[in-house]
Amino acid sequence: FAGLVGSSEENIRKAIRTAEAVAPSILWLDELEKGFSGVQSSGSTDSGTTSRVFGTFITWLQEKTKPVFVIATANDVSQLPPELMRKGRFDEIFFVDLPDPIERKAIFDIHIKKKNRPVEEFDLNKLVASTQGFSGSEVEQAIVAALYDAFDEGVDIDTERLAKASQEIIPLSYTMKERIDYLREWAKTRARAASIRQDEDAEVEEQDHIRQLEV
């Protein structure tokens, strides 16, 4: 959507007409804050273009009659103008946190299968434990890195190589810890959780118990 900012209001109207022409449809807006976070200063930074495009968009959100279901993502929803968040425009705000142990296990399962590797040959519980605080894309990158390392060694990936590749990645939950903690606090009273999270410490204890039983 940011590509429209700086263009004429006609461009946003054209995009809206396209979405309505194929209705019923889903309109997906990615990283919405990149387009609208500067609305308040628009008059001094871009001659008011962002403000006018924003006005056209929120008016359409409020008054649209065609069955266009609008979904938007934002890395930092707190940067969005409050006018955009009112009911009737976006009816609900969901906070998507970093994946918990169960979700990371599912992500490993998906990406290992995508690489045409037999997932049953991997210790997913160990991989989950080695990726605490990882995002989905970081889990995927760990698999890609392990594949490169294994190819260089002339072998195939296994649990140990994948766990080692994971340990070499510093996740954003560490490098951007303060910012992520802020967003989590913001979401506690302003958004609905997108999923019911499993406690990391409880999951680690459960995995240790399972390993002891297996031994």
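Start counting the sequence shown at 821; every next residue gets the next number (this note's numbering). Just so you know, even glycine gets a beta-carbon here, dropped at the ideal spot from N, CA and C.
- The alpha-carbon separation between L992 and S955 amounts to approximately 8 Å.
- Rounded to whole angstroms, D978 and G953 show a C-alpha spacing of 21 Å.
- Counting other Cβ atoms within 10 Å of its Cβ, V939 stays below 16 and is therefore classed as exposed.
- By the C-beta density criterion, S986 is buried, having at least 16 other C-beta atoms within 10 angstroms.
- In the DSSP assignment, F889 is bridged to I846.
- The beta carbon of I832 is closer than 7 Å to those of L824, V873, T876, F877 in its chain, skipping five residues each way along the sequence.
- Ranking G974, P901, T885 by CA distance to the CA of K854 puts P901 first.
- In terms of Cβ geometry, V890 and L852 do not form a close pair [threshold 8 Å].
- In the structure shown, A1014 adopts coil according to DSSP, grouped into three states.
- Counting C-beta pairs closer than 8 Å gives fewer than three between the stretch 994-1003 and the stretch 904-914, which falls short of the contact rule.
- Pairing L947 with E840, the inter-Cα distance amounts to about 45 Å.
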